[in-house]
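*Asks:* Please read through the structure below; I'll follow up with questions.
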Amino acid sequence: MNYRSASDMARAIRAGLYIVPTDADLVVGIPRSGMLAASLIALHANLKCTGLDAFLSNTPLLTGSTRRARQACITNPRDAAHILLVDDSAVSGASMREALESIRSLGYTGRITTCAVFIGPDCPGIDVYMEVVPLPRLFEWNLMHRDYLANCCVDLDGVMCVDPTAEENDDGPNYLGFLDNAAPLLVPTYRVGRIVTSRLEKYRTQTERWLARHNVEYGALDMLDLPDAQARRKARAHAPFKARIYAQHDDMGLFIESERGQAAEIARLAGKQALCISTQELFSPGLTLPYAKQASRRWTAKSLRFLRRLAAGG
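Going left to right, the sequence shown walks through residues 1 to 314 as full-length UniProt numbering numbers them.
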């Protein structure tokens, strides 16, 4: 699985700004994910930005008051002589072709440069792109809104809803109140293969009630069968329990976890990839958390040495 976060997108755009045509007048984003990429490109390039629908309707452009954009004289989208048409990603190029047809059908005769931040191998019809990302792939901004979730194990607390506070996590009345009223975070809009949580089995009814209230569809709900929170803490069963469920099901290709240490341990024990949603790190089976920290330190030290040599003119 190839995974890219919003930070990865921002870094790719910054690194690839040199290939964005300098004579572009306007950035046009393809809804919805393309608007994220279009906004970042427009901000870095200091260009005005609009969505495809607004371009088609020629809705007047809006700008902030803190800085003056390049081509500030353009007030209506179709006044632009050269637009950069942007999507977040492309595989077949179908969405880009559809957007192009919509624009050309209006009789727009200006120049159009197509742009996608991430493309698949051999993707046709994209003039400018920042990175080739092979399939299968997932992106942070649509992770919980794709049918691939049917092949995922997903943690509950810290992913779909907030974690309980120390006061709420009393395995008593405060915790019961939390289970009923936990604030939602990333609520999936597609069916989840398996929800795998360290919540205790005795709280299944409350958990199912919360999931139903928030219209979460899922194939299975796996919960930890221990008598109380004290027994759970003593057993330190969080990651081993989740990894065991994950490893038992060959059709599950990714575990989405809230806590970094658990994600690394799940990947190691299950022999499959695990994503930490809070840090946007994808752990592979051979990459343990200590190794990841060591690699991160080595990379940081190497980067600092390079910057010092650069500053010294070496």
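The beta carbon of each residue, even a glycine, is placed where N, CA and C say it ideally should be.
1) Please name the residue in S284, L84, T50 and K202 whose C-alpha comes closest to that of G172.
2) Along the chain, where does the beta strand (DSSP E) containing residue 343 start, and where does it finish?
3) Compute the distance between the beta-carbons of L84 and T75, then report whether it is under 8 Å.
4) Touching or not, the region 133-148 and the region 80-95, by the rule of three or more beta carbon pairs under 8 Å?
5) Answer yes or no: do D157 and T197 have a C-beta to C-beta separation smaller than 8 Å?
6) Return the chain-ordered list of same chain residues with a C-beta closer than 6 Å to the C-beta of P290, the five sequence neighbours on each side being excluded.
7) With respect to the beta strand (DSSP E) encompassing A90, which residues constitute its N-terminal and C-terminal limits?
8) Would you check if the region 183-197 and the region 220-227 touch, i.e. whether three or more CB-CB distances between them fall below 8 Å?
9) With DSSP as the reference, identify every bridge partner of N2, one or two as the case may be.
10) Short of 6 Å in beta carbon distance, which residues of its chain neighbour L12, apart from the five on each side in sequence? Order them along the chain.
11) Classify K202 as helix, strand or coil using the three-state DSSP reduction.
12) Enumerate in chain order the residues of its own chain whose CB-to-CB distance from D23 is below 6 Å, with the five nearest sequence positions on each side excluded.
13) From which residue to which residue does the beta strand (DSSP E) around R111 run?
14) Is any non-hydrogen atom of the ligand MG found closer than 7 Å to the C-beta of E167, if you look at the structure I gave you?
15) Alpha carbon to alpha carbon, how far is T205 from G177?
*Replies:* Let me spell this out:
1) K202
2) Since the first residue shown for the chain is 1 and the last is 314, residue 343 is missing from the structure and cannot be characterised.
3) no
4) yes
5) yes
6) Note that P290 scores a pLDDT of 49, beneath 50, so its modelled location is shaky and nothing firm can be said.
7) H82 to A90
8) yes
9) R137
10) It should be noted that the sequence gives Ala, not Leu, for residue 12. So the qualifying residues of the chain are V117, M130 and E131.
11) helix
12) H82
13) R111 to I119
14) As presented, the structure is devoid of all ligands, the ligand MG included, so that no description of it is given.
15) 13 Å
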